[in-house]
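Step one of this worksheet: look at the structure below.
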Amino acid sequence: MILSGLIFIPMIIALLMIVVPKEKTAVFRWGAILASVIQLALVAILVQNYDLTKAGINEAAGYQFVENYSWIKVSAGSYGILDISYTLGIDGLSLPMLILTAFVGLIGVISSFSIEKYIKGYFISYLILLSAMTGVFAALDFFLFYLFWEMMLIPMYFLIGIWGGPRREYAAIKFFLYTFIGSLLMLLVIIGLYFSYVTNPGAAPEDMIHSFNMITMMNQGNLVAGSLLSVEHWRHVAFILMFLGFAVKIPMFPFHTWLPDAHVEAPTPISVILAGVLLKMGTYGLVRVLWPIFPESVLYFAWLIALFGVINILYGALTAMGQTDLKKLIAYSSISHMGFVLLGLASLTTEGTMGAMVQMFSHGIISAMLFLVVGVIYDRAHHRDIDGFGGLAKQMPVYAGITLFAFFASLGLPGLSGFVAEALVFMGGFSQPVTQNLTIIATLGMLITAIYYLWTYQKVFTGELNPKYTGLTEINSRELTMMTALGVSILLVGIYPSSLTDLMTVSVNHLNDLVKSAGTVMVGLN
Amino acid sequence: MNLDALYTYVLNSIALLQPEVIVTIGLLGVLIIDLFTPKSMHKWSAGVFLGVMVLALISLSGQSGVQASVFFGMIAVDGYAVFFKYLFLVSAILATLITLFSNEMDRNGRRFGDYFIVMAGLVLGMMLMAGANNLLMMFISIELVSLASYILVSYLKDEKTSNEAGVKYIIYGAFSSGLMIYGISLIYGITGTLSISEINEVLKNPAVVIDPVTLTIAVLLTLGGFGYKIAAAPFHFWAPDAYEGAPTPVAAFLSVGPKAAGFAMMLRFFKTIFFGTSTPEGYQILDNIDWVSILAAVSVLTMTIGNVTALWQQNVKRMLAYSSIAHAGYILMGVILLSDSGIAAMMFYLAYYLIMNLGVFFTAILIADKVQSFELDDWRGMGFRAPVLAVPMVIFLASLIGIPGTVGFAGKFLLFVAVLQQGSLYFWLALIAVANSVVSAFYYFKVVKMMYLKKPVENADGPISVSIPATILVFVFAIPTIVLGLWWQPLYNWALASVRMLVG
């Protein structure tokens, strides 16, 4: 029940909010805080009771806090039985993401206190979004996963579209359509998978239970002979289609164009959620479903995925260098950093996969901090033009220090979480012949990242103080609280990575073994 | 057969047509009551009509499991027909409620009675369409529905647009009827019978040689009649004009009731005539003509034309008309699959389409009643002016797009399931449908954008109050849109069971 609680408490509170009159703003704000705090507490209980020795991935018994109820079960005659279940469970891949969601979710709520208009609608949308994201990270049934995956579309559309910046309409619908087309492609593959896998292989056709359970699909023994996805080239097609669905979310070049628009127009807390949690849904999808279900395609396309990862790293970094809008710069740096996840996952080594997982978490908290940093200055100066400031360190020394910390974290300074992730990714990538050369090229990305962050810092904080901004107030306690919480987490993961990696080691290793062994066996299938 | 036996047979037949008989008596009842009551009581006819519909529903509930062919094979009473009859009666009841809440119908203070008389005729026609097992019966029932529809579309006789819509509708309708009856005559000429199961026997008989070209032409012509009823391309041109000009409750009803009837009849036509014995993998199809490819092309054409044209519409009513064309295209995917699950998905989709489409029309009616316009620009800021209407509107639109957690998704999902059940055979069709769904998301969200992302004009646009009963009715549509979207097992089971009870 604890996972259901984790998922649905924000939504229940959101539904209760509907009957509250819209003038009572405190109810919405503190109600959202309450929802987030409960989520965080539940996640703490999860971590407390989590068994580090269980792997999960393709072993149903390895999942923890499992909830499994039959949802829809229809006997479709000669085609067997259609079985959709409400299945939740977590393993080493999902637990860090749940921690991230609850944590960044709370930061987002605190940051949302600066929202002034339509507060009721805002918090209702926000909490539904929070429920949907949590659900994605806990669902083990593909149908349920897809439901949560799509459930965030509409609240996100409103959050960008109503509370966003000047070009919010364009950004909102662009985000919506990009994600929607990606997820529809995913839906086709989900249905294809559903026909190709059964929980009781060998049964008579009319008794076969076609299930949407992900774990069923990860065990190739459940493949129905002669079905669509038992044909090798159709498996590759399915892999590509589903990969595209996730790639839009990551976002992978060339499907990234919605991200800068969405980030620039979204209000600060939504940018925090978007970069902090939403992008991770894409890469989480890769490790949760795509890698274990299509191991042979992963091996087949590994170099291509790595290539796109490196393109992401370099393209994002180079484009970031050319930005004058601080928020856009950070949006492109997000694209660059998500490239590391792709590279790490493509290497299929313990270090690489672990690096990718750490990067997902680390980028989640670092980018949240970066967007808060931008939010602070935007709230005060009402613009984000990098060239329009100068000398702010004199006016806002604490803020300058925090910004420097966030920038350093993002550019991979040793001792902070970003470094751990990127170092692991490089180690993994370099050790494999497939990704070796690409990894060498990718290191350039770190250099470019350092260049644009330091430049930006120089332009905004050093030099003569722009006389226009002598009235700017220092960062306030609410903002400082959020920054401190994020900063401490970044330091913790940076100095003592085991606090995070211990949760994942067993699962990550199991995932790699599974992909390599199953993938090699399956090459040449049919 | 001697006279006594005949007498018993007819009585038995009538007994099996009890719901239809009730509707017929109701038709006469409304007529008489409307004649003898003063004008101040003219809304009573609505009550009588509703009562009749409920009675017919009750009578229909006694027919589960019946599988019979009555009046010498003219009409089939089977699970398949019963499923659709439920659909028609429920949609008639809901459409009546919508009518009562709309200001459009009594703007000029006319009596209501005639409206419900025609409506009863329409319902009767649809119920006969669902069961018609004979080409002549098919034609007569389709004509009954068409004639009633013409009258309803041009019901607002003082308004030019309504009249224009009626005329356009009649001209297209007459043309399609002509095509259809010509097609039927050819089929009769080839096979020597009008009963569709006997036609099937003739086609299956290897001793009878049939010219495939003539048969193809005959089927294409007949398809004209069906295509017209379901507004499939290229017989869809009447729909936008008729929907836009018709009173909105009528447009809402036409987009669900007669459309479902058209599908019901078309499927029975193809399934009975052109199938051999069914096998576990699906049906064995008689290879006289390649009607599957023809219908696949019609499906693609219909959904694409509907969606792409809807993109340019600035009038909500007209946009919904094109959207309803597009949905016919999706539903057609289920018809061509030659599988139980395809037909069940089609029936399922039609049932769910009824909920969401009546819902979206009703909400649009309520909004348009307040702002006196269906133009999208006049709806700006509606999300802030009337949240009780705008929130359900978003739910309906999300459902029409097919966002998970709504009935629209459940319908599309099962259609995709049925399509991909055929392996890679119709994969291309699924991809086209996906592309279409994305296009449709864009125009449906134009409405959402206007309601929520555009601010209301200061001072001019104040908050809008909506009456409590109207709000309740909106939620009568909105809540099932979500609840049934998450819990569709019973309906799907029912649809599957009904397919198996199709009298062949």
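The listed protein sequences derive, respectively, from chains A and B. The working numbering puts the first residue of the first sequence at 1, with every later residue one more than the last. The working numbering puts the first residue of the second sequence at 1001, with every later residue one more than the last. Every residue gets a Cβ at the ideal spot worked out from N, C-alpha and C, and that includes glycine.
Any C-beta of chain A under 8 Å from that of residue i
i: ALA1430/B; result: yes
i: ILE1403/B; result: yes
i: PHE1416/B; result: yes
i: TRP1312/B; result: no
i: TRP1379/B; result: no
i: ASN1493/B; result: yes
i: LEU1006/B; result: no
i: TRP1291/B; result: no
i: GLN1421/B; result: yes
i: PHE1445/B; result: yes
i: SER1323/B; result: no
i: TYR1452/B; result: yes
i: SER1465/B; result: no
When the options are compared against residue i, the one with the closest alpha-carbon
i: TRP291/A; options: PHE389/A, LEU279/A, ASN219/A and VAL373/A; result: ASN219/A
i: GLY1183/B; options: LEU1152/B, TYR1172/B and PHE1139/B; result: PHE1139/B
i: LEU40/A; options: LEU130/A, LEU228/A and LEU404/A; result: LEU130/A
i: GLY1125/B; options: VAL1167/B, ALA1081/B, THR1096/B and MET1346/B; result: ALA1081/B
i: ILE84/A; options: THR283/A, VAL264/A and PHE145/A; result: PHE145/A
i: MET427/A; options: ILE475/A, ASP513/A, LEU348/A and ARG235/A; result: LEU348/A
i: ILE335/A; options: TRP303/A, GLY412/A, GLY352/A and LYS249/A; result: LYS249/A
i: MET11/A; options: SER36/A, LEU187/A, LYS24/A and GLU206/A; result: SER36/A
i: GLU59/A; options: GLY92/A, LEU184/A and ILE377/A; result: GLY92/A
Neighbour flag for residue i against chain B, beta carbons, 8 Å
i: GLY390/A; result: no
i: VAL43/A; result: no
i: ASN526/A; result: Caution applies to ASN526/A, whose pLDDT of 41 falls short of 50 and renders its modelled position unreliable; the model cannot decide the point.
i: GLY285/A; result: no
i: GLU232/A; result: no
i: ALA76/A; result: yes
i: ALA172/A; result: yes
Contact check, residue i vs residue j, beta carbons under 8 Å
i: TYR1243/B; j: ALA1326/B; result: no
i: THR501/A; j: ALA317/A; result: no
i: LEU1332/B; j: VAL1298/B; result: yes
i: VAL298/A; j: GLY355/A; result: no
i: MET1450/B; j: ARG1380/B; result: yes
i: ASN213/A; j: LEU140/A; result: yes
i: LEU1420/B; j: PHE407/A; result: no
i: VAL1077/B; j: GLY1113/B; result: no
i: ALA421/A; j: VAL358/A; result: yes
i: ALA32/A; j: TYR126/A; result: yes
i: LYS280/A; j: MET152/A; result: no
i: VAL1292/B; j: ILE1230/B; result: no
i: GLY375/A; j: LEU100/A; result: no
i: MET1137/B; j: LEU1267/B; result: no
i: PHE1116/B; j: PHE1049/B; result: yes
i: TYR457/A; j: LEU404/A; result: yes
Opening and closing residue of the beta strand (DSSP E) in which residue i lies
i: ALA1068/B; result: 1068 to 1070
i: VAL544/A; result: Residue 544/A falls outside the range modelled here, since chain A spans only 1 to 526, and no answer is possible.
i: ALA1076/B; result: 1075 to 1077
i: GLN64/A; result: 64 to 75
i: HIS210/A; result: 209 to 211
Boundaries of the alpha helix (DSSP H) in which residue i is found, first to last residue
i: LEU82/A; result: Counting along the chain, LEU82/A falls outside any alpha helix (DSSP H), though it belongs to the beta strand (DSSP E) covering 81 to 90.
i: SER1154/B; result: Neither: SER1154/B is in no alpha helix (DSSP H) and is coded neither H nor E.
i: VAL341/A; result: 326 to 347
i: THR1161/B; result: 1160 to 1191
i: THR101/A; result: 94 to 111
Inter-stretch contact (C-beta, 8 Å, three-pair minimum) for the stretch 446 to 466 of chain A and the stretch 315 to 332 of chain A: yes
Three or more C-beta pairs below 8 Å linking the stretch 1401 to 1411 of chain B and the stretch 155 to 173 of chain A: no
Three CB pairs or more closer than 8 Å across the stretch 1344 to 1359 of chain B and the stretch 1430 to 1448 of chain B: no
The stretch 378 to 393 of chain A in contact with the stretch 489 to 507 of chain A per 3-pair CB rule at 8 Å: no
Inter-stretch contact (C-beta, 8 Å, three-pair minimum) for the stretch 428 to 442 of chain A and the stretch 489 to 501 of chain A: no
Contact between the stretch 1196 to 1207 of chain B and the stretch 1159 to 1169 of chain B (3+ Cβ pairs under 8 Å): no
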